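As numbered in our numbering, the sequence shown has no gaps in its residue numbers, which increase by one up to the final residue, 1162.
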Amino acid sequence: MTSSITNARKWGTLVISCLAMLLLALDLTVLHQAMPKLVEDMGPSATQLLWILDIYGFALAGLLITMGNLGDRIGRKRLLLIGTVAFGAASALTAYAPTPELLIAARALLGVAGATIMPSTLSIIRNVFTEPKERTAAVGIWSSISALGFAVGPVVGGLLLDHFWWGSVFLINVPITIALLIGGWLLLPESRNPRSRPLDLISVPLSFVGVIGLVYAMKVAAHDGIGDQAVWVSAVIGVVALVVFVRRQTRLAEPLIDVKLFQHRAFTGSIAANVIILFSMLAMSVAFAQYFQLIRGWSPLLAGLAGIPGGASAAIGGGLAGVLVSAIGRAKVVTFGLLLTAFGLFLYSLIELDTSYLLMLPAMMLTGVGMGFTFAVTNDTILASVPRERAGAASAISETATEVGGSLGIAVLGSVIGGLYTQRLILPAGLPDGVGDAARESLGGAVQAATTLPGQLADALIAAAQRTYIDAMQVSAVTGAALLAILSFAILYALRGVPKEIPEVILDDEGRVVEEPVQVP
């Protein structure tokens, strides 16, 4: 019982949960740093390279809902520890994979293991921190560590790659998983839903196919354009599977997702906020990685260090969110966070080729603090909307939403950047045959093509490509800022009336909800 857990063990549980989330956050970002060395050593084809990059996200996103529910049934601690062992083993396999095919398989296993860990961390926190104010503070700290992990990942990757081979960025996971396994075994309390039934074996593949179909369509659209046949085929399959899945959930006594939760505007508004903020920010994060390396000419390590202020600001925002909620309420904190992020994106749209890094810091810090405020409060609201017996399922919904939002952002805003770049690039006269086509593909293609040209012509091509890419980035940043500004006012309505301290959702002896505190008028 959580009431018997000592205060020290509660906060020890939070440390272990944060360490697990830090592990996942690091692994989501370090691969991009390792890609140049990986390509040089292993020589994968273009198709294999895409699968190496994407298979982790596919497995993770497709299984979050299933694994969140599985944790509710067999025990969140048990599932997290099983996932930790699998994650460590898969990391070692990935680091020493001798062929692209085995690397893809190892990355898929990493995604499966990650799907067991990610929802377990939040659901364990939800079950240990039952007092509303403590729960809000704990979720804020968890959000802070998650944000910091995303920022630290490129730095860790850059440091390792300066001294070791590409596989070292995965091998670093092994000692972390050992520490997590020992600490989790000793400190984490076990919790599960005592009234749970076996997983519905029809709902599981429906949820997997539905989420994977949509995420795959978004990723293909981002890379090959929306006109690609695979985009529409996978999108249709995904939508049909999800429609059938949702209809089935309404008829099950123990559904994987309680679709009635989406009737509560606070729950739905929090999910929407997570989707849109990731939609707006992730594409810009990818764009700025290219900006620092291909326009400013910085090394991967220096580019990673450049992002630290944003991650640190997000960590600060997450830590302060609980204090602000006590002062001004949930709706105003989330709205303020979204507006800060929108204003930061607007400042990003003013960045030029020669903008000083010091002038970029306000944009980084505003978007970071805004994201920290938003995620801490929305995740806490989502968790508080369900009984703690069903915390794994609610955590999975939240994490799936962020995965879909990030993929959608890269597909849509990434396509905006790519499309504008291709359409607006004015090539200098005198280019040899084939060079112009390569330059129009991407900024990286233009930089690579310029290495085959004489000095003045190469400089002219790079200058034109960089200027066009900056213009495309500015349009994408303004688009993201506008979406967040509009959403902020919708969230102000959606969370209106939600109490600062959401009380525990109570179940009766038969597992029926007695009190639904987020269902406000």
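In this text, a Cβ means the ideal position worked out from N, Cα and C, and glycines have one as well.
All figures in this text were calculated on a predicted structure; none of them were measured in a lab.
Buried versus exposed call for residue i [16 or more other C-beta atoms within 10 Å across all chains shown]
{"i": "residue 1162", "result": "Bear in mind that a pLDDT of 41 at residue 1162, under 50, signals an unreliable position, so the number given afterwards is only what the model happens to contain. Exposed."}
{"i": "residue 905", "result": "buried"}
{"i": "residue 1011", "result": "buried"}
{"i": "residue 912", "result": "buried"}
{"i": "residue 772", "result": "exposed"}
{"i": "residue 742", "result": "exposed"}
{"i": "residue 1095", "result": "exposed"}
{"i": "residue 814", "result": "buried"}
{"i": "residue 1149", "result": "Residue placement at residue 1149 cannot be trusted, given a pLDDT of 43 that sits under 50; the coordinates are not used to answer."}
{"i": "residue 783", "result": "buried"}
{"i": "residue 1196", "result": "Limits of the chain in this structure are 642 at one end and 1162 at the other, which puts residue 1196 out of reach."}
{"i": "residue 657", "result": "buried"}
Cβ-Cβ separation, residue j to residue i (assumed contact under 8 Å), whole Å
{"i": "residue 890", "j": "residue 874", "result": "Rounded, the Cβ-Cβ distance is 25 Å, inconsistent with contact."}
{"i": "residue 1068", "j": "residue 1105", "result": "7 Å"}
{"i": "residue 947", "j": "residue 1117", "result": "Not a contact, Cβ separation roughly 19 Å."}
{"i": "residue 759", "j": "residue 1040", "result": "5 Å"}
{"i": "residue 1036", "j": "residue 709", "result": "5 Å"}
{"i": "residue 850", "j": "residue 878", "result": "7 Å"}
Extent of the continuous alpha helix (DSSP H) to which residue i belongs
{"i": "residue 892", "result": "Taken as a continuous stretch (DSSP letters only), residue 892 belongs to no alpha helix (DSSP H), as it is neither H nor E."}
{"i": "residue 779", "result": "773-802"}
{"i": "residue 900", "result": "Note, residue 900: premise wrong, no alpha helix (DSSP H); not H, not E."}
{"i": "residue 974", "result": "971-989"}
{"i": "residue 1099", "result": "1096-1135"}
{"i": "residue 716", "result": "It is not in any alpha helix (DSSP H) - residue 716 carries neither H nor E in the DSSP assignment."}
{"i": "residue 918", "result": "906-931"}
{"i": "residue 1077", "result": "1076-1082"}
{"i": "residue 942", "result": "941-947"}
{"i": "residue 1139", "result": "From DSSP, residue 1139 is part of no alpha helix (DSSP H); its letter is neither H nor E."}
{"i": "residue 824", "result": "814-828"}
Contact check, residue i vs residue j, beta carbons under 9 Å
{"i": "residue 806", "j": "residue 745", "result": "no"}
{"i": "residue 829", "j": "residue 660", "result": "no"}
{"i": "residue 714", "j": "residue 839", "result": "yes"}
{"i": "residue 809", "j": "residue 754", "result": "no"}
{"i": "residue 1139", "j": "residue 1022", "result": "yes"}
{"i": "residue 774", "j": "residue 1082", "result": "no"}
{"i": "residue 811", "j": "residue 733", "result": "yes"}
{"i": "residue 834", "j": "residue 1046", "result": "no"}
{"i": "residue 983", "j": "residue 1129", "result": "yes"}
{"i": "residue 862", "j": "residue 1053", "result": "yes"}
{"i": "residue 921", "j": "residue 1121", "result": "yes"}
{"i": "residue 965", "j": "residue 977", "result": "yes"}
{"i": "residue 973", "j": "residue 1133", "result": "yes"}
{"i": "residue 936", "j": "residue 1097", "result": "no"}
{"i": "residue 1114", "j": "residue 1058", "result": "yes"}
{"i": "residue 695", "j": "residue 751", "result": "no"}
{"i": "residue 700", "j": "residue 738", "result": "no"}
{"i": "residue 1024", "j": "residue 776", "result": "yes"}
{"i": "residue 1102", "j": "residue 1072", "result": "yes"}
{"i": "residue 763", "j": "residue 971", "result": "no"}
{"i": "residue 790", "j": "residue 663", "result": "yes"}
Helix, strand or coil at residue i [DSSP, three-state]
{"i": "residue 622", "result": "Lying before the first or after the last residue shown, residue 622 is absent from the chain, which here runs from 642 to 1162."}
{"i": "residue 806", "result": "coil"}
{"i": "residue 1069", "result": "coil"}
{"i": "residue 737", "result": "coil"}
{"i": "residue 1029", "result": "helix"}
{"i": "residue 884", "result": "helix"}
{"i": "residue 1041", "result": "helix"}
{"i": "residue 839", "result": "coil"}
{"i": "residue 658", "result": "helix"}
{"i": "residue 650", "result": "helix"}
{"i": "residue 1093", "result": "coil"}
{"i": "residue 834", "result": "coil"}
{"i": "residue 994", "result": "coil"}
{"i": "residue 748", "result": "helix"}
{"i": "residue 770", "result": "coil"}
{"i": "residue 867", "result": "coil"}
{"i": "residue 686", "result": "coil"}
{"i": "residue 958", "result": "helix"}
{"i": "residue 1046", "result": "helix"}
{"i": "residue 938", "result": "coil"}
Beta carbon proximity, residue i to chain C, threshold 9 Å
{"i": "residue 1116", "result": "Note that chain C does not occur in the displayed structure, where there is just one protein chain."}
Cβ-heavy atom distance, residue i to the ligand HEM, below 8 Å
{"i": "residue 906", "result": "Here there are no bound small molecules, and the ligand HEM is not part of this structure."}
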